[in-house]
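J.:
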């Protein structure tokens, strides 16, 4: 039984279902899920992660793993895939907002950052402007 990481374009309904189950936003997902990947286990989508690009910066969003599939390294594999994609695109850093996983991201090399220190292009994203609450922790990871 092996997990495959695949481009998410053909799995939009599965992505929305997983994000909804995990109480993550779906209303502002891009029309095409370019730069999003899913983890597929025996033809079932068990995880998802996406990267939105704003100039020289990336915004990690929608990293989620089905509750029954946690503890198997799926989130780490998806995160590595997104970080590799961002590096290949020449991005300088990845930013994210989280309400529940700041300890996880700290272990993965992300640092807390004040919202005012985030690049304007990223702050203009729907995640920052109206989707994620002010209580969410802002984090960053430099890629260079």
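Numbering (our numbering), first residue to last: 4 to 147. For each residue, glycine too, the CB sits at the ideal point set by N, CA and C. Bear in mind that the values here come from a model prediction, so they are computed numbers and not experimental data.
1) Only counting the same chain, and skipping five residues up and downstream in sequence, which positions put a Cβ closer than 7 Å to that of residue 15?
2) Report the start-end ranges of each beta strand (DSSP E) in the stretch 99-137 that is 3 residues or longer and not cut off at the edges.
3) Cα-Cα, which of 139, 89, 33, 40 is closest to residue 104?
4) Hey, could you find the ends of the beta strand (DSSP E) residue 141 is sitting in?
5) Going by beta-carbon coordinates alone, are residue 21 and residue 48 separated by less than 7 Å?
6) Leaving out the 5 sequence neighbours to the left and right, which residues in its chain are closer than 7 Å to residue 171 when beta-carbon positions are compared?
7) My guess is that residue 69 and residue 50 are in contact by the Cβ rule of under 8 Å, so how many angstroms apart are they, rounded?
8) So residue 98 and residue 143 are supposed to be a Cβ contact under 8 Å. How far apart are they, rounded?
9) Candidates 9, 7, 32, 92: which alpha carbon is nearest residue 19's?
10) Following the continuous beta strand (DSSP E) through residue 148, name the residue where it begins and the one where it ends.
T.: The structure says:
1) 36
2) none
3) 139
4) 140-145
5) yes
6) A query on residue 171 cannot be resolved here, the shown segment of the chain reaching from 4 to 147 and no further.
7) 7 Å
8) 5 Å
9) 32
10) For residue 148 there is no data in the structure shown, the boundaries of the chain being 4 and 147.
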